[in-house]
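Working notes for the structure below.
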Amino acid sequence: MNDTTAETEIRSLIERWAAAAQTGDLDGIVAGHTADTVMFDVSPPAGGVRGLQAYRDSWGPFLDMSATATAFVFRVTSIEVTAGADVAFAHALLDIGPASALGQDSSPLRLSVGLRKQDGRWLIAHEHHSFARS
1 MNDTTAETEI RSLIERWAAA AQTGDLDGIV AGHTADTVMF DVSPPAGGVR
51 GLQAYRDSWG PFLDMSATAT AFVFRVTSIE VTAGADVAFA HALLDIGPAS
101 ALGQDSSPLR LSVGLRKQDG RWLIAHEHHS FARS
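Numbered by full-length UniProt numbering, the letters in the sequence shown go through residues 1 to 134 in order.
Here it is as structure tokens:
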């Protein structure tokens, strides 16, 4: 089952998350996540980041780095969503990095998320980032 309303809501959630990362809006980055969210990122720890506060804290180094980069880009280039009544998953590709470096031997960031519907809202319960290596 792929509910088009759910798909639209989830796409919007991921696009808002990326827009918040683009502008350094930490509250916007964490807004669409569950309290027990789990994230596996490109950087350590290998066991993942668990819980909303740990997820929030994990963004500090990235936001510091991106704030100093000239014309830093964090944008969604594609999203695919599969949604049921109360659980869903999505995967997306993102361009990420200084605008001058994109397209020059750069690899897109791969994003996979697992979502739960809570109190009528879709929230990200699991987030995973990776880079495709050529």
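Where a beta carbon is used, it is the ideal one built from N, C-alpha and C, also for glycine.
Keep in mind that this is a model prediction, so the values were computed, not measured.
Asked, Found
"Neighbourhood of Arg76 by C-beta distance below 7 Å, restricted to the same chain and skipping five residues each side", "At residue 76 the sequence reads Val, which differs from the Arg that was named. Only Ile14, Glu15, Ala18, Ala92, Leu94 meet the Cβ criterion."
"Rounded C-alpha distance that separates Ala132 from Gln118", "32 Å"
"For Ser78 and Ala110, believed in contact at Cβ under 8 Å, the rounded distance", "In the sequence as presented, Ala is not what sits at residue 110; that position holds Arg. 10 Å between Cβ atoms; not a contact."
"Extent of the continuous beta strand (DSSP E) to which Asp36 belongs", "33 to 40"
"Local conformation of Leu60 per DSSP, three classes", "The question names Leu, but residue 60 is Gly in the sequence shown. Of the three classes helix, strand and coil, the one that applies to Gly60 here is helix, per DSSP."
"Bridge-paired residues (DSSP) for Ala21", "Ala21 is not bridged to any residue."
"When Asp36, Arg121, Ala35 are compared against Ser12, the one with the closest alpha-carbon", "Arg121"
"Where Ala85 falls: helix, strand or coil (DSSP)", "coil"
"Contact set for Ala88: own chain, Cβ-Cβ below 7 Å, skip 5 residues either direction", "Ala6, Ile10, Val81, Thr82, Leu115, Trp122"
"Burial state of Gly32 (16 or more Cβ within 10 Å)", "buried"
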